[in-house]
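Peer 1:
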Amino acid sequence: MDNKLKDILTNLNPDIDQETLLLYLQDKLEGEQRNAVEQQLAGNDFDNDAMEGLQELQDKKKISSIV
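Going from the sequence shown to my numbering is simple: count from 1 and add 438.
In structure tokens:
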């Protein structure tokens, strides 16, 4: 796979660090933290599409190796 394609999270919203995005995708954020991530992603269609695609992965633990 092209290394650029593996860099999805790095190219998403620069205001959210990659670790926080991974925690969000793995359903490990709750309440205000989860809402804050969703609000920051809400304004960008590309970010939303990328996150929705990553959320479709069955094994959330593999996300970090993909991105």
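Glycine included, C-beta positions come from ideal geometry on N, C-alpha and C.
Please read all numbers here as calculations on a predicted model, not as lab measurements.
Could you tell me the alpha carbon to alpha carbon distance between S467 and D455, rounded to whole angstroms?
Peer 2: The amino acid at residue 467 is misidentified as Ser; the sequence shows Leu. Roughly 13 Å separates the two Cα atoms.
Peer 1: Please report the straight-line C-alpha distance between D440 and N482, rounded to a whole angstrom.
Peer 2: Residue placement at D440 cannot be trusted, given a pLDDT of 46 that sits under 50; what the coordinates show is reported in the next sentence. Going by the C-alpha atoms only, they are around 24 Å apart.
Peer 1: For E457 and Q464, what's the separation of their Cα atoms in angstroms?
Peer 2: Rounded to whole angstroms, E457 to Q464 spans 11 Å at the Cα level.
Peer 1: Q478 lies in the alpha helix (DSSP H); which residues open and close that run?
Peer 2: 469-480 is the span of the alpha helix (DSSP H), which, as asked, contains Q478.
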